[in-house]
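Structure first, then comments.
Protein chains in written order, with full-length UniProt numbering: chain A, 1 to 479; chain B, 1 to 479.
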């Protein structure tokens, strides 16, 4: 058994060193690999298949709200990037610049898109003339590049994959409604598919997107008590429209500026899945996002009839609509169990000669390790039940973890002590002044995560300066 | 009617100026738009939806052969690009170079991938140790960049979307089998889904991919008689493996080099669809690739019950599994017909008060303009029949066009005369000497498209030099 345990033993315990645990899981679950390109990663089949499932689910939800997909260039001429002042200040320091095309220096250098507001604005300024051309509700799936100094797989890398939606509307109200609609699409997706509860709220001015009037965010709590911004949706008002001259002729024949939004989710979500659900045996994938939901593991597979029965179960479960594989490699069952657990496959089915004789199999849940002996005729039905239960249990467990790691503070002393000693969110009132955010960050490294849509009034005064409070804020140390 | 015909009148006739016709269709069917980024295009919703369907169909076919998707970085360090001599010579003159990351000059410049052989080799050199790690059959969907001087939407642009498969195998035989297998996947896809017949064959050494031992290709004939290379599959032998040190320990404990392949298809296919099937009214999409298969167009829609009936038909056809829209805009029916034709939607259904009274509708096929009056209870069944027939008719029509524009030549005089005067393929024997390819290109601008798998022996001697013939070659002027 020593050799069989090797896979698991090689992972650092999450209680000893969470960052190292994360790195170990990413590697051992074969999600990514390092490359010769500093700060960039290879996303391996097991990792990319999760991204494909995220894409499929999100894309379907987008299209149900009328989104259409497009593709814009990956390069942005410098003059275009500079058209909106706040935006260029936010992004220019961290872009990669192309200065040569073939053997010739470029007349104007171009950056690899860090995000595509400027390109969409340039596009919309040509496409939109009349109110009949509105709204435009476009999205693209692509990769973007930001020249980060320190990187970690999925969480922060120089290149990452994402979707970026960019919309243009006739009125401010319509833009605001779309901004919130997409945030809710994100939040519902996280909760229903990733089993990851999120706080929906608005960013403070300090934390909002470069060039936005308002940024909405969903914030999730990782197992180590740190926050992860998991998706954002921005309302630009008519700021970009004015900078890029995006105007339309309204029904009353007046010339109006459009109102715009953008919203994005990234491969960072895979990092969130790992850090919300993983354990000391590796990854734990929610059934609805798992590329393989069931691994059938034959016991004593050299014995007559065992492998055949394993294939028969696979085939029956495939027919029932599950994503199933058989591990028929020449490894030992114990080794296969460890691998299946490391890779986070939600359910394994053990089937050996004794099971076959008794016309049964053993279902083992990845999250609780609960073993369920089931008669073969009921296997598919039971697997369905187990996957459904596991999905909702995972959400419930994550919600409990989040709620039990969320604290209220009404004095600054209490606030600092809590945020430094208890991993998690701290809820506290804020006056609306950036100086308090700056002080809190300097004193504790924590940042304002969001002003939740669901506002409670837990005190009358700002936790930091004591002036009258304007909003409840979730504070936390964040990835 | 004058206004209603405007859309169509604005297209140049394909018989007058095919290149202008192509540009007009791309614009009027709203497939792409120009951008501020020279040589790059915006792919608009109508164009991108075709690409999504191509992706879905190809990806499914790939996965059925065991392909797994991954994602590698978009940047290649110069030293990595230079590792394989032929490859760097082929690509270095046409790549875009990143020289700055943020405000800092890079220590080593990196190019935006023109193709990713070098990155996959770097990855495989770490991933592959033992015969147990083989084969690797990976693919990625991404964009690549080649700094072309003259560009045209879909056919040649600086950035384009594609898939690139990269595989590593234990033996030369297995690599060769995979190379041909993927070419056949491509060819079957083109014929079954795009209704586009292709010639399957091998490229001459002059025309093969930089660094490949053998390149296989599928060649299609456009309506104007020019050839379009529509997909390629390369066998690299162990050339890259030796340059990058990709070795594995075989079962007999010896150290061996892997054998590799790569294969790709691009957004160029959308250009092929336009130029194989389009007509003077615009685009004609094969039903199996059309994002919208049926457009329901109400006649006299202001009359009571007409719009309701149109929505009812849409809903019934959606339930039957078709991709359907209703054009309920305030344009005239004639204008709507022109738009539906321009966009290549395979079938339109006209439904007006008289039809409703007679409990019927009119189906109009986009390709033949055949009108079919059908009783409403049989509508879904009939639409299915029409789409199926149209799909196979389109393939047959394209095949007839191709075959009737394919000529044999046995003397050089005949060859030159045919290729200059008759648009299409010319089949002629070749000695195997590149000098003859060079002379033919210089004399006629035609190139060797491929040595077809199906070899006929139409003469004993090379059509150019008169030496003994080695192979039948398809020659043509090409995009």
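Built from N, CA and C at the ideal position, the CB exists for glycine as well.
- Taking 8 Å as the cut-off, the beta carbon of residue 42 of chain B is found closer than this to the beta carbon of residue 70 of chain A.
- Boundaries of the alpha helix (DSSP H) harbouring residue 176 of chain A: 172–192, taken from the DSSP string.
- For residue 96 of chain A, at least one C-beta of chain B is nearer than 8 Å to its own C-beta.
- Chain-ordered listing is empty here: chain B has no CB closer than 8 Å to the CB of residue 121 of chain A, the nearest sitting near 10 Å.
- Taking 7 Å as the cut-off between beta carbons, the residues of the segment 152–182 of chain A near chain B are 159 and 161, in sequence order.
- DSSP places residue 338 of chain A in the uninterrupted alpha helix (DSSP H) bounded by 333–342.
- Going by beta carbons, residue 293 of chain B and residue 387 of chain B fall inside the 8 Å limit.
- For the segment 55–84 of chain A, the set of positions with a beta-carbon nearer than 7 Å to some beta-carbon of chain B reads 68, 69, 70, 71, 72, 73, 74, 75, 77 and 80 in chain order.
- Excluding its 5 nearest sequence neighbours in each direction, residue 176 of chain B has C-beta neighbours in its own chain below 6 Å: 235, listed in chain order.
- Following the DSSP letters along the chain, one finds residue 232 of chain A in no alpha helix (DSSP H) but inside the beta strand (DSSP E) bounded by residues 227–237.
- Against chain B, the CB of residue 115 of chain A has no partner CB under 8 Å away; the residue lies outside that interface.
- Contact with chain A is absent for residue 213 of chain B, since none of that chain's Cβ atoms lies less than 8 Å from the residue's Cβ.
- In the DSSP assignment, residue 19 of chain A falls within the unbroken alpha helix (DSSP H) covering 18–28.
- Using beta-carbon distances, residue 403 of chain B does not count as an interface residue toward chain A, since no partner is under 8 Å.
- A distance below 8 Å between beta-carbons, with the five flanking residues on each side excluded, links residue 114 of chain A to the following residues of its chain, in chain order: 91, 94, 95, 144, 145 and 146.
- Residue pairing for residue 150 of chain A: DSSP places it in no beta bridge.
- For residue 396 of chain A, the secondary structure class from DSSP, reduced to helix, strand or coil, is helix.
- The contact set of residue 93 of chain B on chain A, defined by CB atoms closer than 9 Å, consists of 102 and 103 in chain order.
- Secondary structure at residue 94 of chain B: helix, using DSSP grouped into helix, strand and coil.
- It is roughly 44 Å from the alpha-carbon of residue 133 of chain A to the alpha-carbon of residue 118 of chain B.
- A direct Cα-to-Cα measurement between residue 478 of chain A and residue 199 of chain A gives close to 14 Å.
- Proximity of chain A to residue 28 of chain B at the Cβ level (cut-off 8 Å) is not reached, the minimal Cβ distance being about 14 Å.
- Using beta-carbon distances, residue 270 of chain A does not count as an interface residue toward chain B, since no partner is under 8 Å.
- Closer than 8 Å to the CB of residue 450 of chain B there is not a single CB belonging to chain A.
- Between residue 425 of chain A and residue 224 of chain A a beta carbon distance of about 13 Å is seen, past the 8 Å cut, so the two are scored as non-contacting.
- The three-state reading of DSSP puts residue 134 of chain B in coil, since its state is none of H, G, I, E or B.
- One finds 101 and 102 in chain A with Cβ atoms closer than 7 Å to the Cβ of residue 147 of chain B, taken in chain order.
- Counting only Cβ-Cβ distances below 7 Å, residue 48 of chain A has contacts in chain B at 69, 70 and 71, in chain order.
- Within the segment 233–258 of chain A, contact with chain B at the beta-carbon level (separation under 9 Å) is assigned to no residue.
- Using a Cβ-Cβ distance cut-off of 8 Å, the segment 42–54 of chain A and the segment 33–42 of chain B are not in contact, since fewer than three pairs of beta carbons, one from each stretch, lie closer than that value.
- The beta carbon of residue 439 of chain A sits closer than 7 Å to the beta carbons of 464 from its chain, once the five residues preceding and following it are set aside; these are given in chain order.
- Close partners of residue 52 of chain A in chain B (Cβ separation under 7 Å): 69.
- Residue 135 of chain A is a Cβ neighbour of residue 167 of chain A, given a cutoff of 8 Å.
- Scanning its chain for C-beta atoms nearer than 6 Å, with the 5 sequence neighbours on each side dropped, one finds around residue 86 of chain B the residues 210 and 211, in chain order.
- Shown here, residue 67 of chain A sits in coil according to DSSP, grouped into three states, outside any helix or strand.
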